[in-house]
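Since the structure comes first, as C-alpha coordinates, the remarks are kept for the end.
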Amino acid sequence: QRQMCIRDRVENEVKLAEATVVVNSAFASSNQIFDAAATSAEAAGESIGGVIDAFTMAYRATGGGSNEIDRFTTANKLMNDALVLSKLSTLDQATAIDTLSAALKQSAGSFKEGVNPLEQGATLLDKWVRTTQVANVDLGTLATGFAVLGDSADAAGINMDELNGIIGAVAETGIASGREAANTARAIVSGFQSDKAREELQRLGISVTDAEGNLRSFMDIMKQLSSLRQTGILSDTDFSRLTLALGGGT
(Lines of atoms letter the chains of each structure in order from A and count residues from 1; the text may use other names and numbers.)
(Lines give C-alpha, C1' and ligand atoms only; values in the text may rest on other atoms or scores of the structure.)
Protein backbone atom coordinates (compact mmCIF):
# COMPACT_ATOMS: atom_id res chain seq x y z
CA GLN A 1 0.00 0.00 0.00
CA ARG A 2 2.79 2.41 0.95
CA GLN A 3 4.76 1.56 -2.20
CA MET A 4 1.69 2.24 -4.33
CA CYS A 5 1.23 5.61 -2.68
CA ILE A 6 4.88 6.50 -3.28
CA ARG A 7 4.64 5.38 -6.91
CA ASP A 8 1.47 7.42 -7.47
CA ARG A 9 3.08 10.46 -5.90
CA VAL A 10 6.15 10.16 -8.13
CA GLU A 11 3.98 9.72 -11.22
CA ASN A 12 1.89 12.76 -10.30
CA GLU A 13 5.00 14.86 -9.76
CA VAL A 14 6.31 13.86 -13.18
CA LYS A 15 2.96 14.75 -14.78
CA LEU A 16 2.84 18.02 -12.87
CA ALA A 17 6.34 18.90 -14.04
CA GLU A 18 5.32 18.28 -17.65
CA ALA A 19 2.20 20.42 -17.23
CA THR A 20 4.25 23.24 -15.70
CA VAL A 21 6.66 23.19 -18.65
CA VAL A 22 3.79 23.23 -21.16
CA VAL A 23 1.98 26.07 -19.41
CA ASN A 24 5.16 28.07 -18.80
CA SER A 25 6.43 28.01 -15.25
CA ALA A 26 7.08 31.75 -15.37
CA PHE A 27 3.30 32.27 -15.50
CA ALA A 28 1.80 29.45 -13.46
CA SER A 29 3.53 27.50 -10.73
CA SER A 30 3.11 23.78 -10.25
CA ASN A 31 1.08 24.57 -7.13
CA GLN A 32 -1.45 26.58 -9.15
CA ILE A 33 -1.80 23.80 -11.70
CA PHE A 34 -2.12 21.19 -8.96
CA ASP A 35 -4.81 23.21 -7.17
CA ALA A 36 -6.82 23.58 -10.39
CA ALA A 37 -6.47 19.87 -11.17
CA ALA A 38 -7.33 18.84 -7.60
CA THR A 39 -10.53 20.88 -7.64
CA SER A 40 -11.58 19.35 -10.96
CA ALA A 41 -10.61 15.83 -9.87
CA GLU A 42 -12.74 16.10 -6.75
CA ALA A 43 -15.73 17.43 -8.71
CA ALA A 44 -15.46 14.75 -11.40
CA GLY A 45 -14.52 11.88 -9.11
CA GLU A 46 -11.33 11.24 -11.09
CA SER A 47 -7.75 10.59 -10.03
CA ILE A 48 -5.56 13.65 -9.65
CA GLY A 49 -2.95 12.17 -12.00
CA GLY A 50 -5.50 11.65 -14.76
CA VAL A 51 -6.80 15.19 -14.42
CA ILE A 52 -3.29 16.67 -14.56
CA ASP A 53 -2.84 14.82 -17.85
CA ALA A 54 -6.20 16.15 -19.01
CA PHE A 55 -5.20 19.71 -18.14
CA THR A 56 -1.98 19.39 -20.13
CA MET A 57 -3.90 18.12 -23.17
CA ALA A 58 -6.53 20.85 -22.79
CA TYR A 59 -3.86 23.55 -22.57
CA ARG A 60 -2.24 22.27 -25.76
CA ALA A 61 -5.65 22.17 -27.47
CA THR A 62 -6.23 25.86 -26.77
CA GLY A 63 -3.34 26.82 -29.04
CA GLY A 64 -2.00 30.33 -28.77
CA GLY A 65 -4.50 32.30 -26.72
CA SER A 66 -4.54 36.08 -26.54
CA ASN A 67 -2.55 35.95 -23.32
CA GLU A 68 -1.43 33.37 -20.78
CA ILE A 69 -4.09 34.22 -18.21
CA ASP A 70 -6.92 33.79 -20.73
CA ARG A 71 -5.38 30.60 -22.09
CA PHE A 72 -5.06 29.10 -18.61
CA THR A 73 -8.71 29.93 -17.89
CA THR A 74 -9.85 28.52 -21.24
CA ALA A 75 -7.85 25.33 -20.77
CA ASN A 76 -9.33 24.81 -17.32
CA LYS A 77 -12.88 25.29 -18.68
CA LEU A 78 -12.24 22.98 -21.63
CA MET A 79 -10.76 20.33 -19.32
CA ASN A 80 -13.79 20.40 -17.00
CA ASP A 81 -16.25 20.19 -19.89
CA ALA A 82 -14.28 17.33 -21.46
CA LEU A 83 -14.28 15.47 -18.14
CA VAL A 84 -18.08 15.70 -18.14
CA LEU A 85 -18.20 14.41 -21.72
CA SER A 86 -15.93 11.52 -20.79
CA LYS A 87 -18.08 10.63 -17.77
CA LEU A 88 -21.31 10.71 -19.81
CA SER A 89 -19.98 8.78 -22.81
CA THR A 90 -17.64 5.96 -23.74
CA LEU A 91 -14.88 8.40 -24.72
CA ASP A 92 -11.69 8.41 -22.68
CA GLN A 93 -10.36 11.71 -21.38
CA ALA A 94 -7.85 12.26 -24.19
CA THR A 95 -10.41 11.51 -26.90
CA ALA A 96 -13.02 13.64 -25.12
CA ILE A 97 -10.69 16.66 -25.12
CA ASP A 98 -9.72 16.20 -28.78
CA THR A 99 -13.33 15.64 -29.83
CA LEU A 100 -14.84 18.48 -27.81
CA SER A 101 -12.17 21.01 -28.81
CA ALA A 102 -12.58 20.07 -32.49
CA ALA A 103 -16.39 20.32 -32.26
CA LEU A 104 -16.20 23.73 -30.58
CA LYS A 105 -13.73 25.08 -33.13
CA GLN A 106 -15.86 23.77 -36.00
CA SER A 107 -18.97 25.46 -34.61
CA ALA A 108 -17.29 28.78 -33.76
CA GLY A 109 -19.59 30.64 -36.14
CA SER A 110 -22.65 29.51 -34.17
CA PHE A 111 -21.65 31.43 -31.06
CA LYS A 112 -21.93 35.15 -30.41
CA GLU A 113 -19.21 37.32 -31.86
CA GLY A 114 -16.33 37.84 -29.46
CA VAL A 115 -17.07 34.67 -27.49
CA ASN A 116 -14.28 32.11 -27.17
CA PRO A 117 -15.77 28.90 -28.64
CA LEU A 118 -13.49 26.70 -26.52
CA GLU A 119 -15.26 28.02 -23.41
CA GLN A 120 -18.71 27.03 -24.70
CA GLY A 121 -18.45 23.31 -24.02
CA ALA A 122 -21.34 23.33 -21.54
CA THR A 123 -23.66 24.79 -24.18
CA LEU A 124 -22.77 22.08 -26.66
CA LEU A 125 -23.00 19.34 -24.02
CA ASP A 126 -26.50 20.50 -23.07
CA LYS A 127 -27.60 20.27 -26.70
CA TRP A 128 -26.06 16.81 -27.10
CA VAL A 129 -27.72 15.51 -23.93
CA ARG A 130 -31.12 16.81 -25.06
CA THR A 131 -30.66 15.12 -28.44
CA THR A 132 -29.85 11.76 -26.82
CA GLN A 133 -33.11 12.03 -24.88
CA VAL A 134 -35.23 12.20 -28.04
CA ALA A 135 -33.15 10.15 -30.51
CA ASN A 136 -31.60 6.71 -30.32
CA VAL A 137 -28.04 8.02 -30.37
CA ASP A 138 -25.31 8.05 -27.73
CA LEU A 139 -23.35 11.08 -26.62
CA GLY A 140 -20.03 9.81 -28.02
CA THR A 141 -21.52 9.42 -31.50
CA LEU A 142 -22.97 12.94 -31.43
CA ALA A 143 -19.70 14.44 -30.23
CA THR A 144 -17.63 12.58 -32.82
CA GLY A 145 -20.08 13.43 -35.59
CA PHE A 146 -20.08 17.09 -34.64
CA ALA A 147 -16.28 17.25 -34.66
CA VAL A 148 -16.04 15.57 -38.08
CA LEU A 149 -18.98 17.27 -39.78
CA GLY A 150 -18.88 20.79 -38.38
CA ASP A 151 -17.13 22.55 -41.27
CA SER A 152 -19.27 20.88 -43.96
CA ALA A 153 -22.43 21.67 -42.00
CA ASP A 154 -21.46 25.32 -41.65
CA ALA A 155 -20.84 25.57 -45.39
CA ALA A 156 -24.27 24.04 -46.04
CA GLY A 157 -26.02 26.51 -43.74
CA ILE A 158 -26.81 23.96 -41.03
CA ASN A 159 -27.00 25.20 -37.44
CA MET A 160 -26.02 23.25 -34.33
CA ASP A 161 -29.49 21.92 -33.55
CA GLU A 162 -30.06 20.82 -37.14
CA LEU A 163 -26.67 19.12 -37.23
CA ASN A 164 -27.47 17.19 -34.06
CA GLY A 165 -30.71 16.07 -35.68
CA ILE A 166 -28.95 14.89 -38.83
CA ILE A 167 -26.33 12.90 -36.91
CA GLY A 168 -29.04 11.43 -34.69
CA ALA A 169 -31.11 10.39 -37.71
CA VAL A 170 -28.12 8.75 -39.40
CA ALA A 171 -27.11 6.95 -36.19
CA GLU A 172 -30.64 5.56 -35.83
CA THR A 173 -30.21 3.65 -39.10
CA GLY A 174 -27.99 1.22 -37.19
CA ILE A 175 -24.52 2.46 -38.13
CA ALA A 176 -22.15 1.04 -35.54
CA SER A 177 -19.62 3.72 -34.64
CA GLY A 178 -19.63 7.48 -34.17
CA ARG A 179 -16.98 7.86 -36.85
CA GLU A 180 -19.03 5.86 -39.37
CA ALA A 181 -22.16 7.86 -38.59
CA ALA A 182 -20.20 11.09 -38.97
CA ASN A 183 -18.69 10.06 -42.31
CA THR A 184 -22.08 8.98 -43.64
CA ALA A 185 -23.70 12.24 -42.55
CA ARG A 186 -20.82 14.20 -44.06
CA ALA A 187 -21.20 12.39 -47.37
CA ILE A 188 -24.90 13.23 -47.42
CA VAL A 189 -24.42 16.89 -46.49
CA SER A 190 -21.60 17.35 -49.00
CA GLY A 191 -23.26 15.18 -51.64
CA PHE A 192 -26.40 17.25 -52.09
CA GLN A 193 -24.38 19.65 -54.28
CA SER A 194 -22.99 16.88 -56.49
CA ASP A 195 -24.04 16.54 -60.13
CA LYS A 196 -25.68 13.17 -59.44
CA ALA A 197 -27.71 14.56 -56.54
CA ARG A 198 -28.79 17.57 -58.61
CA GLU A 199 -29.93 15.26 -61.40
CA GLU A 200 -32.01 13.16 -59.01
CA LEU A 201 -33.51 16.22 -57.31
CA GLN A 202 -34.41 17.80 -60.63
CA ARG A 203 -35.92 14.51 -61.85
CA LEU A 204 -38.20 14.67 -58.82
CA GLY A 205 -39.12 18.27 -59.57
CA ILE A 206 -37.03 19.72 -56.74
CA SER A 207 -34.94 22.74 -57.60
CA VAL A 208 -31.55 23.21 -55.95
CA THR A 209 -31.73 26.98 -56.48
CA ASP A 210 -34.23 29.61 -55.42
CA ALA A 211 -36.06 32.14 -57.60
CA GLU A 212 -32.99 34.41 -57.63
CA GLY A 213 -30.71 31.57 -58.72
CA ASN A 214 -29.04 31.19 -55.31
CA LEU A 215 -28.23 27.71 -54.05
CA ARG A 216 -30.85 26.56 -51.54
CA SER A 217 -29.65 25.38 -48.15
CA PHE A 218 -29.37 21.69 -47.34
CA MET A 219 -32.05 21.93 -44.64
CA ASP A 220 -34.46 23.77 -46.94
CA ILE A 221 -34.24 20.92 -49.45
CA MET A 222 -34.47 18.28 -46.71
CA LYS A 223 -37.65 19.88 -45.34
CA GLN A 224 -39.22 19.75 -48.80
CA LEU A 225 -38.22 16.10 -49.18
CA SER A 226 -39.68 15.31 -45.77
CA SER A 227 -42.96 16.94 -46.78
CA LEU A 228 -43.06 14.95 -50.02
CA ARG A 229 -42.40 11.75 -48.08
CA GLN A 230 -45.13 12.45 -45.54
CA THR A 231 -47.72 13.13 -48.25
CA GLY A 232 -46.74 10.00 -50.17
CA ILE A 233 -45.63 11.93 -53.26
CA LEU A 234 -42.05 10.67 -52.92
CA SER A 235 -42.01 6.87 -53.25
CA ASP A 236 -39.67 4.53 -51.39
CA THR A 237 -37.90 3.72 -54.66
CA ASP A 238 -37.30 7.36 -55.54
CA PHE A 239 -36.22 8.12 -52.00
CA SER A 240 -33.69 5.27 -52.06
CA ARG A 241 -32.26 6.49 -55.36
CA LEU A 242 -31.97 10.00 -53.98
CA THR A 243 -30.27 8.99 -50.72
CA LEU A 244 -27.81 6.88 -52.72
CA ALA A 245 -26.98 9.90 -54.88
CA LEU A 246 -26.68 12.17 -51.83
CA GLY A 247 -24.29 9.69 -50.25
CA GLY A 248 -22.05 9.74 -53.30
CA GLY A 249 -23.34 6.54 -54.89
CA THR A 250 -24.28 6.02 -58.50
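Residue numbers for the sequence shown follow our numbering, so the first one is 420 and each next one is one higher.
Just so you know, even glycine gets a beta-carbon here, dropped at the ideal spot from N, CA and C.
Quantities reported herein were computed from a predicted structural model and do not represent experimental measurements.
- Put simply, the backbone Cα of residue 452 is about 22 Å away from that of residue 541.
- When the Cα atoms are used, residue 653 and residue 572 turn out to be separated by approximately 25 Å.
- In the structure shown, residue 514 adopts helical secondary structure according to DSSP, grouped into three states.
- Setting aside the 5 residues that flank it on each side, residue 521 is surrounded in the same chain by 566, each with a C-beta closer than 7 Å to its C-beta; the list follows chain order.
- Remark: fewer than three beta-carbon pairs, one from each stretch, lie closer than 8 Å, so the stretch 529–541 and the stretch 552–563 are not flagged as touching.
- Secondary structure of residue 509 (DSSP, three-state): coil.
- Contact annotation, residue 664 with residue 584: C-beta distance approximately 21 Å; criterion of less than 8 Å not satisfied.
- Along the stretch 510–557, the alpha helix (DSSP H) occurs as fully enclosed runs of 4 or more residues at 512–525, 540–553, listed in sequence order.
- At the C-beta level, residue 455 and residue 495 come within 8 Å of one another.
- Two segments are said to touch when three or more pairs of C-beta atoms, one from each, lie closer than 8 Å; by this definition the stretch 471–478 touches the stretch 506–519.
- Closest by C-alpha distance to residue 601, out of 578, 622, 569, is 569.
- By alpha-carbon distance to residue 640, the top candidate from 624, 631, 508 is 624.
- Under the three-state reduction of DSSP, residue 656 is assigned to helix.
- In the three-state reduction of the DSSP assignment, residue 504 falls in the helix class.
- Under the three-state reduction of DSSP output, residue 582 falls in the helix class.
- Under the 10 Å beta carbon count, residue 500 is surrounded by 16 or more other beta carbons and is classified as buried.
- Annotation: the continuous alpha helix (DSSP H) that includes residue 470 extends over 467–480.
- For residue 635, the closest alpha carbon among the candidates 575, 551, 467, 544 is that of 575.
- Taking the Cα of residue 512 as reference, the smallest distance to any Cα among 529, 480, 488, 527 is reached at 480.
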